[in-house]
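Presented below is the structure to which this report refers.
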Amino acid sequence: MTEYSSLEKIRLEKIEQLKAEGINPFPHRSQRTHISLQAIAALEAAEKKASPGVSPEEVTATLAGRIRAMRPMGKLTFAHIEDGDGRIQIFLRINELGQERVDFFNNKLDLGDFVQASGSMMRTRAGEPTLLVRDFSILAKAVSPLPAAKDETLEDGSVIRHAALEDSELRARQRYADLAVNPDVRKVFRTRSAIIRFLREFLDEHDFLEVETPILQPIYGGAAAKPFVTYHNQLKQNLFLRISFELYLKRLLVGNLERVYEIGRDFRNEGVSFKHNPEFTQLEFYWAYADYLKVMELTEQMIAYVATQVLGKTKFTYQGMELDFTPPWKRLELRQGLLDVTGIDIASHPTSASLLDALKKMNKTPDPKSTRGKLIDFMLSEFLEPTLIQPTFLYDYPRDISPLAKSKANDPMTVERFEGYVAGFELCNAFTELNDPLDQESRFLEMGRDYSQDDEEKHPMDEDYLRAMRYGMPPNGGFGMGVDRLVMLMTDKHNIRDILLFPHLRSEEQNS
RNA sequence: GGGCGAGUAGCUCAAUGGUAGAGCAGCGGCCUUUUAAGCCGUUGGUUGAGGGUUCGAAUCCCUCCUCGCUCACCA
């Protein structure tokens with residue numbers, strides 16, 4: 173049974189009073205004719221058209237929205253209502269409505285209620301576009317008061333937010349309330365939507381086919397991560413929530429779909445942090461007859477396209493860093509990058525023992541049981557990654573941490589793979605895809621041999637994937653990107669929770 | 001999982017061992033161009049939960065919960 177606060181009890185009483193007067197506090201329909209921006213635009217157009225000294229043609233409108241501010245002054249009331257796109261002032265006066273209706277507005281309606289108001293557009297003494305109300309009605313009563321937020325607009329137009337909802341947990345848990353009171357938050361999610369829309373648009377225009385592949389998979393693969401496990405009752409079968417789309421998308425290349433992509437949710441059963449949510453949005457594409465160098469070019473074009481469409485520019489600031497996404501991005505061979513920051517040339521250390529020995533002079537030491545590839549990965553994340561601020565493609569990776577990538581023709585221990593880094597973190601990952609079924613099978617076997625059972629780097633053998641590859645897979649380049657990271661960059665948010673509508677949080681029941 | 005910090009009214013925050021407070025929101029008044037409207041009055045609390053020390057705990061101690069930062073883990 174819901175327990176109501178004293179504030180809510182007062183509002184519940186008002187609902188009963190409305191019902192007693194024959195007024196439905198939750199009517200079925202609204203007669204809105206204008207959103208706030210349209211009404212203001214219509215007023216401005218009429219003012220422009222009017223001849224000097226003549227009052228402009230009357231603009232009538234029915235507006236609808238949530239009451240966000242109320243300033244009752246006895247015989248008149250000013251209020252602001254907010255709709256999806258903005259705020260507009262409405263003005264109620266006994267001259268038009270009579271004392272009884274003005275009192276009704278002041279006494280029976282509350283902040284947060286949805287109302288509609290009809291009348292004509294005017295300007296107040298202060299010049300603010302305002303609806304002079306001739307009729308109004310309630311559209312939906314709010315039982316609970318919104319977490320308060322008041323805006324003060326200064327002379328210079330800047331807005332100070334008073335009593336804003338700031339508790340980050342509450343904002344994430346009750347995103348609906350956060351969105352209702354914080355217009356900036358609505359803007360972040362509009363931007364997120366636009367980023368995804370323009371990613372699609374870019375790939376569609378480059379003849380990529382958007383496809384949907386299974387989220388519930390009998391064998392997981394395509395990435396190094398722990399999966400979530402679930403169970404199909406009737407089939408009596410364990411299923412995994414996918415950790416990547418890779419193996420399914422590449423099956424489609426076997427089927428002569430030459431350019432495919434998917435934007436969807438991946439699930440990884442790992443730690444939660446400011447840049448990790450258990451489910452996150454991933455973009456992957458696979459491109460037949462391309463290699464990782466062509467993918468690199470397409471990547472920088474794609475990001476620049478999205479930035480231009482969404483932000484109107486390819487240079488923008490993230491957490492105080494001025495980032496320039498204008499193609500071409502910097503290209504840096506992983507070996508060279510590591511040599512620059514550590515003085516160690518991985519090419520002169522062909523074994524893990526030798527490389528581990530060289531690493532002993534560094535101030536941070538890796539897990540001594542690591543394979544050579546894992547040692548290189550350690551060097552990358554510890555010493556090189558934090559230095560990569562401007563968009564940079566790091567390329568040519570060790571083979572044993574890249575079991576699905578194709579080796580370089582002249583160097584079997586190195587694969588054609590690149591990762592895009594920006595602002596000190598990884599944005600995307602791509603390679604010339606391994607399409608030799610015999611090589612792929614031996615890679616799977618290698619993983620089984622060199623990595624312990626619980627190692628996330630270990631990929632389970634996927635027999636059906638090998639069967640598909642044996643029918644022949646065209647040479648191709650593949651690409652994967654964490655869309656949430658891109659959204660963080662373009663909205664200048666440091667925490668992934670700020671760009672997920674409903675980030676993962678512990679259940680409220682667990683609290684005490 | 002480790003370290004540090006935080007949790008007080010619907011919201012934003014005070015109160016450092018001695019009667020739990022302010023602003024906003026709410027409620028009752030006054031007010032015909034306000035805009036964080038203003039003025040007068042007023043309601044509202046298991047101080048995250050539990051235990052302990054003390055004559056007395058929001059405050060000190062212990063345990064737990066949640067959140068944030070950070071380290072570890074982690075494409």
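Take 173 as the starting number for the first sequence in this note's numbering and just add one per residue. We put the CB at the ideal spot given by N, CA and C, even for glycine.
- Shown here, Pro-244 sits in a strand according to DSSP, grouped into three states.
- Boundaries of the alpha helix (DSSP H) around Ala-479: 464–483.
- Residue pairing by DSSP places Arg-333 opposite Asp-323 in a beta bridge.
- Pairing Thr-296 with Leu-303, the inter-Cα distance amounts to about 10 Å.
- With fewer than 16 other Cβ atoms inside 10 Å of its own Cβ, Leu-677 counts as exposed.
- Under the three-state reduction of DSSP, Gly-545 is assigned to helix.
- In the pairwise beta carbon analysis, the stretch 578–593 is classified as not touching the stretch 446–457: fewer than three pairs are separated by under 8 Å.
- Taking the C-beta atoms as reference points, Met-551 is found nearer than 9 Å to Thr-514.
- In its chain, beyond the 5 residues on either side, Pro-609, Gln-612, Glu-613 have a beta carbon closer than 7 Å to the beta carbon of Leu-638.
- The residue among Ile-391, Ala-397, Lys-422, Ala-396 with its C-alpha nearest the C-alpha of Gln-409 is Ile-391.
- When DSSP states are grouped into helix, strand and coil, Glu-554 belongs to the helix group.
- Pairwise C-beta distances place the stretch 346–360 out of contact with the stretch 379–393, as fewer than three of them are shorter than 8 Å.
- The Cβ atoms of Thr-363 and Val-659 sit closer than 9 Å to each other.
- For Thr-402, the enclosing beta strand (DSSP E) stretches over residues 401–404.
- As the crow flies, the alpha-carbon of Pro-244 is around 20 Å from that of Leu-190.
- Taking Gly-644 as reference, the option from Gly-291, Phe-400, Val-426, Leu-337 with the minimal CA-CA separation is Val-426.
- In the DSSP annotation of this structure, the continuous segment of the alpha helix (DSSP H) that includes Thr-363 starts and ends at 355–377.
- In the assembly as shown, Ser-520 is an exposed residue. Its beta-carbon has fewer than 16 other beta-carbons within 10 Å.
- A contact between stretches requires three or more CB pairs, one per stretch, nearer than 8 Å, and the stretch 534–552 fails this requirement with the stretch 465–479.
- Straight-line measurement puts the Cα of Leu-413 at about 10 Å from the Cα of Tyr-403.
- As a beta-bridge residue in DSSP terms, Arg-589 pairs with Phe-603.
- Positions of the alpha helix (DSSP H) runs, each at least 4 residues long and wholly inside the stretch 264–299, are given as 266–269, 271–280 in order along the chain.
- C-alpha of Phe-651 to C-alpha of Asp-379: approximately 16 Å in a straight line.
- Beyond the five residues adjoining it in sequence on each side, Gln-481 comes within less than 6 Å, by CB distance, of Phe-370 in the same chain, given in chain order.
- Judged by DSSP in its simplified three-state form, Met-534 adopts coil rather than helix or strand.
- The three-state secondary structure of Asp-664, taken from DSSP, is coil.
- Beyond the five residues adjoining it in sequence on each side, Asn-449 comes within less than 8 Å, by CB distance, of Asp-656, Ile-668, Arg-669, Leu-672, Pro-675, His-676 in the same chain, given in chain order.
- For Thr-453, the enclosing beta strand (DSSP E) starts and ends at 451–460.
- Each residue's CA atom was taken as its position, placing Asp-512 and Phe-488 some 27 Å apart.
- When beta bridges are read from the DSSP output, Asp-339 appears opposite no residue.
- Taking each of Asp-323, Met-662, Asn-278 in turn and checking the Cα distance to Ser-309, the smallest one comes out for Asn-278.
- Around the beta carbon of Thr-564, a 10 Å sphere encloses 16 or more other beta carbons of the protein chains shown; the residue is thus reported as buried.
- Collapsing the DSSP output to three states places Thr-249 in a strand.
- The beta-carbon separation of Val-331 and Glu-324, rounded to 7 Å, stays under the 8 Å limit for a contact.
- Around the beta-carbon of Arg-437, fewer than 16 other beta-carbon atoms lie within 10 Å, marking it exposed.
- In the structure shown, the three-state DSSP call for Met-633 is coil.
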